[in-house]
Amino acid sequence: GPQTGRMARHLANVELPTAFQNDPPAPAATPWQPGPSPLGALYGAAYGCLTAEDLRQVMAMPGTTGLRVTPWRMFLAEGARFAKTQRFVCDSEDPLLRVQACPGEPKCMQAQAATRSLARHLAPQLQEDKTLHVSGCEKGCAAPGPSDVTVGANKGRFDLVMNGAAWDEPVARALSETEIKKKVTG
8 GPQTGRMARH LANVELPTAF QNDPPAPAAT PWQPGPSPLG ALYGAAYGCL TAEDLRQVMA
68 MPGTTGLRVT PWRMFLAEGA RFAKTQRFVC DSEDPLLRVQ ACPGEPKCMQ AQAATRSLAR
128 HLAPQLQEDK TLHVSGCEKG CAAPGPSDVT VGANKGRFDL VMNGAAWDEP VARALSETEI
188 KKKVTG
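Here the numbering used here is used: the first residue of the sequence shown is 8, the next is one more, and so on.
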């Protein structure tokens, strides 16, 4: 229904069971970067998504003995030698590693516009230290918190939130795709 959303909103009204609160979280690990590693080849997945064909390609890489998914929208092809490919993010400077985008239309029934093509267009325009979230609706499923730039679809148009999340107050509303591209890329 209309009240579905992020876990943080749920936890604002319901406490976690005591049994879930025994151990403090582990310290954050240093994010891995695409490239060779002692364990195999590390590749990024744009928006954290891989298709079945992508997985077949990874498993067909010479030397691959297994596949590990990381918390950084990357995966490790265990035992494989790193080789650049167009299919995956291979460069640690690739702006797609700083972009989050939900599936958008037509893959999500709640999305109000296509998201990933817009995200791909905006990504190269981002300043090196900025993050981008492109959301198909106000839920903001692809990003659990604020981004430097958040673009949210709203009835086929786009709202712009700076230093916030999809559900925050926009600085500009109801922009066309052309207008949002100009605003973000500046």
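Backbone N, C-alpha and C fix where the C-beta goes; we use that ideal spot for every residue, glycine too.
None of the values given here were measured: they were computed from a predicted structure.
Query: Beta carbon of phenylalanine 89 nearer than 8 Å to that of proline 38; Result: no
Query: Backbone secondary structure at alanine 59 - three-state DSSP; Result: helix
Query: Of the listed residues Ala87, Asn29, Pro41 and Met68, nearest to glutamate 100 (C-alpha basis); Result: Pro41
Query: Cβ contact check for the region 120 to 127 and the region 69 to 78: 3 or more pairs under 8 Å; Result: no
Query: 8 Å Cβ cutoff met for valine 168 and valine 191; Result: no
Query: At least three beta-carbon pairs within less than 8 Å, the region 43 to 52 to the region 74 to 83; Result: yes
Query: Alanine 173 (DSSP reduced to helix, strand or coil); Result: coil
Query: Meets three-Cβ-pair contact criterion under 8 Å: the region 122 to 140 and the region 92 to 99; Result: no
Query: Three-state secondary structure (DSSP) of proline 93; Result: The residue you asked about is not proline; residue 93 is glutamine in the sequence shown. DSSP places glutamine 93 in coil when its eight states are reduced to three.
Query: Segment limits, alpha helix (DSSP H) that includes threonine 185; Result: 184 to 192
Query: Which listed residue (Arg63, Pro31, Glu135 and Arg180) has its alpha carbon closest to that of glycine 163; Result: Arg180
Query: Alpha helix (DSSP H) segment containing serine 124, residue limits; Result: 123 to 129
Query: When Asp175, Ile187 and Ala87 are compared against proline 153, the one with the closest alpha-carbon; Result: Asp175
Query: Glutamine 134 in three-state terms, based on DSSP; Result: coil
Query: Enclosing alpha helix (DSSP H) for leucine 18 [first to last residue]; Result: 14 to 18
Query: Among Cys97, Leu103 and His140, the one whose alpha carbon lies nearest that of glycine 111; Result: His140
Query: For tyrosine 50, three-class secondary structure by DSSP; Result: strand
Query: Supposed contact pair proline 102 and alanine 130 - C-beta distance, whole angstroms, cut 8 Å; Result: 4 Å
Query: Pairwise C-alpha distance: arginine 75 and alanine 172; Result: 29 Å
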